[in-house]
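To get my numbering, take the position in the sequence shown, counting from 1, and add 1276.
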Amino acid sequence: MRPFANTVLAAAAAVLLGSCCTDPVDSTSYFCLGEMSIQDEVGLGNQYAPNIVAQYDGPYHDPEAYQYLNGLIMEMVTHSVRAKDFPWKFTILNSSTPNAFAVPGGHIYITRGLLAAMETEGQFISVMGHELGHVEHRHSHQQMGRQAIGSVVVGAIDTAESSLSGGTTQGLGAQLGAIGTQLLLLRYDRGQETQSDLRGIYYAATMGYDPMEGKKTFEYFQKLEEEMGADQVEFLRTHPLNENRVAEIDAQVRTTHPELIGKPKESFRPYKSNNTTFAGIAKRIAAVEPVYETYDQAMTTLGEGLEKSDKGKVQTALGAMQDCAAKVPGEPLFLTGVGLAQFALEDLGAAKATLSKAVQIDDNRGQSYKLFAPNYYLGLVLHDSKDFTGGLAALKKASALFPMNPAPLFFCGVCAEELKQPSEASKYYQQVVELEGNPEGQYTKKANERLSALGGGAKKSTAR
Ligand SMILES: [Zn+2]
């Protein structure tokens, strides 16, 4: 065979079979479906980030906590092999589900629920170092290659996916159920978890912490698994989160940092400088946790009330959420819950006032992520109040905040129809169909019905 043909064949094989990419941390080769540039990583991360934040009920508002923890994360980044690759971004998510994770492009997250359960700053550094490790190693890209699927599955879940109270995410965003976590969250394998544990140890030791504190997070999740039962923490079953995991970290620290073993606590950060900032933050967040627990329970009650058309349950949920809003004034999440319950009780005036207040508080905070849920529900309330122009505006805003969620787009179409803008409405419905990419999708079915009614005809690929 001529050399040219060989080259062509090799190129074709590379496209069909994938190729070799390089792990940025240890320079080993791994199978991949195609090169992923730093720009690709940044682009994917930026595409997914707002959706993740929306699904986890937006950023937790505690400027002092954010400033301090972000400072630690940015210090950590300076020790990364990929320090200059990304515009690293840290977000505290306002979710009770204990979790920490990272997605390509340098987006790092921890939930309020996990922060509340944290005992020490060294523990925080270790678990976040572990998350940084996944991004540094490009573990998601490696997983994509292994799964050998063409569809873009990005991001990675870590630690626990299931919530403390029953394995379902109860967030307002998640309750909409429009976007599956499996789309956003990819599972790492044991080897990758071990690699990331090593990064957690590296960051803790390099920054002057006791790397043994990294064991605490895994002990915590182990305890959680015992309390809830393995079936409630499904993710943990497929992960090496057991006695071996903790023992392995212990053994690794002893091997890599024998000089640190047995040293007094005072020789490590933050005790060395008597810095109690982290302890104060964890304590403050833990102190309000019972209010969020009440809210989470009320959201479950509200969900049951809506499902069974049980007004009594909706009333109970409303009362509980009003209590929460009184205890933590200015928490837009609680106001959104109150507004949603008022909406369910068809008190449109009250719902509009409450949700508008939630939107206003959130907008005034000037955070880089704004809240999806109050804008979305406000849009629905305005629609029901026959304010279609206002409804469309709120729903467009909501859609921009959670672009992968077809629900606000569908209702944009509904408002546009009411405003006698059939071609605009058709565009929204077409977007719904494209976004869901599934002929049986909940909103695709509805959108196709509307497209047929409008006479424009549904897309051939999805029409029945
Ligand atoms: Zn991990």
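From the three backbone atoms N, C-alpha and C, an ideal C-beta is built for every residue, glycine too.
May I have the straight-line CA-CA distance separating residue 1634 from residue 1628, to the nearest angstrom? The residue labelled residue 1634 in the question sits at position 358 within the sequence shown. The residue labelled residue 1628 in the question sits at position 352 within the sequence shown. If I take the Cα positions, the gap works out to 10 Å.
Among the candidates 1687, 1356, 1348, whose CA atom is the shortest distance from the CA of residue 1478? Locating residue 1478 in the sequence shown gives position 202, counting from the first residue. Cα-wise, what sits closest to residue 1478 is 1356.
Leaving out the 5 sequence neighbours to the left and right, which residues in its chain are closer than 6 Å to residue 1396 when beta-carbon positions are compared? Within the sequence shown, the letter at position 120 stands for residue 1396. So the qualifying residues of the chain are 1489.
Residue 1730 and residue 1698: beta carbons closer than 7 Å? Position 454 of the sequence shown, counting from 1, holds the residue named residue 1730. Position 422 of the sequence shown, counting from 1, holds the residue named residue 1698. It is a contact, given that the beta carbons lie within the stated cut-off.
Rounding to the nearest angstrom, what Cα-Cα distance links residue 1620 and residue 1646 in this structure? Taking the first residue of the sequence shown as 1, we reach residue 1620 at position 344. Taking the first residue of the sequence shown as 1, we reach residue 1646 at position 370. Using only the alpha carbons, I get a separation of about 24 Å.
Nearest candidate by alpha-carbon position, reference residue 1555, set 1317, 1378, 1398: As a position in the sequence shown, residue 1555 is number 279, starting the count at 1. Of the candidates 1317, 1378, 1398, the one whose C-alpha sits nearest the C-alpha of residue 1555 is 1398.
Would DSSP call residue 1220 helix, strand or coil? Lying before the first or after the last residue shown, residue 1220 is absent from the chain, which here runs from 1277 to 1740.
Please report how far the alpha carbon of residue 1574 lies from the alpha carbon of residue 1588, in whole angstroms. Taking the first residue of the sequence shown as 1, we reach residue 1574 at position 298. Taking the first residue of the sequence shown as 1, we reach residue 1588 at position 312. Distance between the alpha carbons of residue 1574 and residue 1588 is about 12 Å.
Spatial neighbours of residue 1701 within its chain, please: CB distance less than 6 Å, with the 5 preceding and 5 following residues excluded, ordered by chain position. Here residue 1701 refers to the residue found at position 425 of the sequence shown. Once the five neighbours on either side are set aside, the close Cβ partners of residue 1701 are 1689, 1692, 1693.
7 Å Cβ cutoff met for residue 1376 and residue 1677: Position 100 of the sequence shown holds residue 1376. Position 401 of the sequence shown holds residue 1677. No, the Cβ-Cβ distance between residue 1376 and residue 1677 is not below 7 Å.
Is the Cβ-Cβ distance between residue 1371 and residue 1387 less than 7 Å? Translated into the one-based positions of the sequence shown, residue 1371 becomes position 95. Translated into the one-based positions of the sequence shown, residue 1387 becomes position 111. Cβ distance < 7 Å, so residue 1371 and residue 1387 count as in contact.
Return yes when the C-beta of residue 1402 is under 6 Å from any heavy atom of ligand 1, and no when it is not. The residue you call residue 1402 lines up with position 126 of the sequence shown. Result no, Cβ not under 6 Å from ligand 1.
Quick one: what does DSSP say residue 1630 is sitting in, helix, strand or coil? As a first step, residue 1630 must be located in the sequence shown, where it is residue number 354. Helix, per DSSP.
For the alpha helix (DSSP H) holding residue 1413, just list the boundary residues, first then last. For the purposes of this step, residue 1413 is identified with residue 137 of the sequence shown, where counting begins at 1. Where residue 1413 is concerned, the enclosing alpha helix (DSSP H) stretches over 1397 to 1413.
To the nearest angstrom, how far is the alpha carbon of residue 1368 from that of residue 1383? Here residue 1368 refers to the residue found at position 92 when the sequence shown is read from its first residue. Here residue 1383 refers to the residue found at position 107 when the sequence shown is read from its first residue. The alpha-carbon atoms of residue 1368 and residue 1383 are separated by roughly 11 Å.
Would you say the beta carbon of residue 1699 comes nearer than 6 Å to a heavy atom of ligand 1? Taking the sequence shown and counting its residues from 1, the one referred to as residue 1699 is at position 423. Not so, every heavy atom of ligand 1 lies at least 6 Å from the Cβ.
Pull up the distance between the alpha-carbon of residue 1680 and that of residue 1335, whole angstroms please. In the sequence shown, the residue the question calls residue 1680 occupies position 404. In the sequence shown, the residue the question calls residue 1335 occupies position 59. Their backbone Cα atoms lie some 18 Å apart in a straight line.
Could you work out which residue in 1632, 1502, 1299, 1322 is closest to residue 1363 when comparing CA atoms only? Within the sequence shown, residue 1363 is the residue found at index 87, counting from 1. The residue with the shortest Cα to Cα distance from residue 1363 is 1322.
With a threshold of 8 Å on Cβ separation, who are the neighbours of residue 1531 within its own chain once the five nearest residues in sequence on each side are excluded? For the purposes of this step, residue 1531 is identified with residue 255 of the sequence shown, where counting begins at 1. There are no such residues.
Just to check, is the beta-carbon of residue 1472 closer than 6 Å to a non-hydrogen atom of ligand 1? Position 196 of the sequence shown, counted from the first residue, corresponds to residue 1472. The answer is yes for residue 1472.
Apart from the five residues on each side of it in sequence, which residues of its chain come closer than 8 Å, Cβ to Cβ, to residue 1552? As a working mapping, residue 1552 is identified with position 276 in the sequence shown. So the qualifying residues of the chain are 1546.
Less than 6 Å between the CB of residue 1469 and some heavy atom of ligand 1, yes or no? Numbered from 1 along the sequence shown, position 193 holds the residue referred to as residue 1469. Result yes, Cβ under 6 Å from ligand 1.
For a test of the three-state rule: what should DSSP assign to residue 1686, helix, strand or coil? Within the sequence shown, numbered from 1, the residue matching residue 1686 stands at position 410. Note: residue 1686 maps to helix in three-state DSSP.
Got a sec, what are the start and stop residues for the alpha helix (DSSP H) residue 1365 sits in? Position 89 of the sequence shown, counted from the start, is the residue given in the question as residue 1365. No alpha helix (DSSP H) holds residue 1365; the beta strand (DSSP E) holding it covers 1365 to 1369.
Round the Cβ separation of residue 1470 and residue 1524 to the nearest angstrom and send it over; I've been treating them as touching at under 8 Å. By 1-based counting over the sequence shown, the position of residue 1470 is 194. By 1-based counting over the sequence shown, the position of residue 1524 is 248. Correct: roughly 7 Å between the Cβ atoms.
Please work out which residues of its chain come closer than 6 Å, Cβ to Cβ, to residue 1392, disregarding the five sequence neighbours upstream and downstream, and give them in chain order. Your numbering for residue 1392 matches position 116 in the sequence shown. Within the same chain, residue 1392 has close Cβ partners 1561, 1562, 1565.
Report the rounded CA-to-CA distance for residue 1410 versus residue 1468, giving the unit in angstroms. In the sequence shown, the residue the question calls residue 1410 occupies position 134. In the sequence shown, the residue the question calls residue 1468 occupies position 192. Cα-Cα distance, rounded: 8 Å.
Distance, Cα to Cα, residue 1708 vs residue 1721? In the sequence shown, residue 1708 corresponds to position 432, counting from 1. In the sequence shown, residue 1721 corresponds to position 445, counting from 1. Their backbone Cα atoms lie some 10 Å apart in a straight line.
Take residue 1580 as the anchor and find which of 1611, 1604, 1548, 1617 has the nearest alpha-carbon. Position 304 of the sequence shown holds residue 1580. Considering only alpha carbons, the answer is 1617.
Beta carbon of residue 1306: closer than 6 Å to some heavy atom of ligand 1? Looking up residue 1306 in the sequence shown gives position 30. Answer for residue 1306: no, Cβ out of range of ligand 1.
Range of the contiguous alpha helix (DSSP H) that encloses residue 1383: In the sequence shown, residue 1383 corresponds to position 107, counting from 1. Unbroken run through residue 1383 is the beta strand (DSSP E), 1383 to 1387; no alpha helix (DSSP H).
Please classify residue 1418: is it buried, with 16 or more other beta-carbons within 10 angstroms of its beta-carbon, or exposed? Indexing the sequence shown from 1 puts residue 1418 at position 142. So residue 1418 ends up on the buried side.
What's the gap between the Cα of residue 1341 and the Cα of residue 1641? Within the sequence shown, residue 1341 is the residue found at index 65, counting from 1. Within the sequence shown, residue 1641 is the residue found at index 365, counting from 1. Looking at the two C-alpha atoms, the distance is approximately 15 Å.
Residue 1295, DSSP secondary structure in three states: Position 19 of the sequence shown, counting from 1, holds the residue named residue 1295. Residue state, collapsed to three classes: strand.
For the region 1607 to 1675, list the alpha helix (DSSP H) runs that are entirely contained and at least 4 residues long, ordered along the chain. 1608 to 1620, 1624 to 1641, 1648 to 1660
Can you tell me whether DSSP reads residue 1232 as helix, strand or coil? This structure does not reach residue 1232, given that the chain is present from 1277 up to 1740, and the question cannot be answered.
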